[in-house]
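Step one of this worksheet: look at the structure below.
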Amino acid sequence: RKEVEQDPGPFNVPEGATVAFNCTYSNSASQSFFWYRQDCRKEPKLLMSVYSSGNEDGRFTAQLNRASQYISLLIRDSKLSDSATYLCVVKGSGAGSYQLTFGKGTKLSVIP
Amino acid sequence: NAGVTQTPKFRVLKTGQSMTLLCAQDMNHEYMYWYRQDPGMGLRLIHYSVGEGTTAKGEVPDGYNVSRLKKQNFLLGLESAAPSQTSVYFCASQRTGAAKNIQYFGAGTRLSVL
Numbered sequence: 002r003k004e005v006e007q008d009p010g011p012f013n014v015p016e017g018a019t020v021a022f023n024c025t026y027s028n029s030a031s032q033s034f035f036w037y038r039q040d041c042r043k044e045p046k047l048l049m050s051v052y053s054s055g056n057e058d059g060r061f062t063a064q065l066n067r068a069s070q071y072i073s074l075l076i077r078d079s080k081l082s083d084s085a086t087y088l089c090v091v092k093g094s095g096a097g098s099y100q101l102t103f104g105k106g107t108k109l110s111v112i113p
Numbered sequence: 016n017a018g019v020t021q022t023p024k025f026r027v028l029k030t031g032q033s034m035t036l037l038c039a040q041d042m043n044h045e046y047m048y049w050y051r052q053d054p055g056m057g058l059r060l061i062h063y064s065v066g067e068g069t070t071a072k073g074e075v076p077d078g079y080n081v082s083r084l085k086k087q088n089f090l091l092g093l094e095s096a097a098p099s100q101t102s103v104y105f106c107a108s109q110r111t112g113a114a115k116n117i118q119y120f121g122a123g124t125r126l127s128v129l
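Those protein sequence lines, which keep their order, are chains A and B. Note that the working numbering has the first sequence beginning at 2, numbered continuously upward. Note that the working numbering has the second sequence beginning at 16, numbered continuously upward.
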């Protein structure tokens, strides 16, 4: 089982749509979780951290289910500017706590 | 603020040539990382450093060496480039004790090995 798995997409959605991305991770001891965004031919940038209680930042909502080892990202009222690849990221534990493990990313295209 | 700066931005090498990629950060971060990103493979960790004078291997270290002689700089070396090292290389830095453990990335170096 890969450490961090995501549906690669692409997800093609119209403006204003709601879209959800899912991610699973294999290391049950993982402590920290994130969503990064990567625009085409650019570097990854932090979108938001994911907390056990769930958290929201404007149109973006992240959820964590530790029992199922599952992370989600919900984008409401999609904008053209949301078009990007979304990376699910997990921070290791113990000896791996210095490292982040990145999923391969889910590509989103928002269509006018 | 400059943040994380990578040089060069692009490079073409012939098989067997050597080169060094430079990463510089002005945020006084302790941790620094080198990743490579290939189509369909995602970001993979090559080497990392948790402080000046320290380095450690990541997931795909073979064919690369690194040095962290100064806190602000992290160098990635290719001693004898191979076509399999054609990739986009990203450097990142992270401060210690940060609750969010955020990594800040440079703009990347696009390397082609012919």
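All C-beta atoms, glycine included, are put in the ideal place defined by N, C-alpha and C. From a predicted model like this one, the values you see are computed outputs, not experimental measurements.
To the nearest angstrom, report how far apart Ser31/A and Leu75/A are at their CA atoms.
Each residue's alpha carbon lies about 22 Å from the other.
Leu126/B versus chain A: which residues are under 8 Å apart at the beta carbon?
Result: empty, since nearest Cβ-Cβ is about 14 Å, beyond 8 Å.
Is the stretch 19–35 of chain B touching the stretch 12–28 of chain A, taking contact as three or more C-beta pairs under 8 Å?
Contact fails: fewer than three Cβ-Cβ distances are below 8 Å.
Does Pro45/A come out as helix, strand or coil in the three-state DSSP assignment?
Reduced to three states, the DSSP call for Pro45/A is strand.
With a cut-off of 8 Å, does the C-beta of Pro45/A fall near any C-beta of chain B?
Cβ-Cβ to chain B under 8 Å: yes for Pro45/A.
Is the stretch 60–77 of chain B in contact with the stretch 51–60 of chain A, if contact means three or more CB pairs nearer than 8 Å?
At 8 Å Cβ cutoff, the stretches do not touch.
Kindly indicate which residue of Met34/B, Tyr63/B and Lys85/B has the alpha-carbon position closest to the one of Tyr99/A.
Nearest of Met34/B, Tyr63/B and Lys85/B to Tyr99/A, Cα basis: Tyr63/B.
Are there 16 or more other CB atoms within 10 angstroms of the CB of Met60/B, so buried, or fewer, so exposed?
Checking the sequence, you will find Leu at residue 60/B rather than Met. By the 10 Å Cβ count, Leu60/B comes out buried.
Go ahead and pull the three-state DSSP assignment for Gln12/B.
Absent from the structure is residue 12/B, since the part of chain B shown begins at 16 and ends at 129.
So, with DSSP's three-state summary, where would you put Ser94/A?
Looking at Ser94/A - three-state DSSP - the assignment turns out to be coil, as it is neither helix nor strand.
What does Met56/B reach in chain A if we use C-beta pairs closer than 9 Å?
Within 9 Å Cβ-Cβ: Lys105.
With burial defined as no fewer than 16 other Cβ atoms inside 10 Å of the residue's Cβ, what is the status of Leu58/B: buried or exposed?
Buried is the call here.
Measuring from the CB of Ser54/A, is there a heavy atom of the ligand PLP at a distance below 7 Å?
Only the bare structure without any ligand can be found here, which leaves the ligand PLP out of the picture.
What are the start and end residues of the beta strand (DSSP E) that includes Gly92/B?
Element bounds for Gly92/B: Asn88 to Leu93.
Looking at C-alpha atoms only, which residue of Ser110/A, Leu47/A and Gly104/A is the closest neighbour of Ser108/B?
Nearest C-alpha to Ser108/B: Leu47/A.
How many angstroms separate the CA atom of Thr30/B from the CA atom of Val128/B?
Approximately 6 Å between the Cα atoms of the pair.
So, does the CB of Asn116/B fall closer than 8 Å to a CB anywhere in chain A?
Taking Cβ atoms only, chain A reaches closer than 8 Å to Asn116/B, which makes this a yes.
With a CB to CB cut of under 7 Å and the five nearest residues on each side skipped, what residues in its chain are close to Asp83/A?
Excluding positions up to five away in sequence, the list reads Ile76, Leu109 and Val111.
Helix or strand or just coil, what does DSSP make of Leu126/A?
With chain A running from 2 to 113 in the structure shown, residue 126/A is simply not present.
Please classify Gly57/B: does DSSP put it in a helix, a strand, or coil?
DSSP places Gly57/B in strand when its eight states are reduced to three.
Alpha carbon to alpha carbon, how far is Ser33/B from Gly10/A?
The straight-line gap from Cα to Cα measures roughly 37 Å.
Return the chain-ordered list of same chain residues with a C-beta closer than 8 Å to the C-beta of Glu16/A, the five sequence neighbours on each side being excluded.
Correct list, in chain order: Ser79, Lys80, Leu81, Val111, Ile112 and Pro113.
Kindly indicate which three-state DSSP category Ser69/A falls into: helix, strand or coil?
Coil.
Can you name the residues of chain B whose CB is closer than 8 Å to the CB of Lys92/A?
Simply Asn116.
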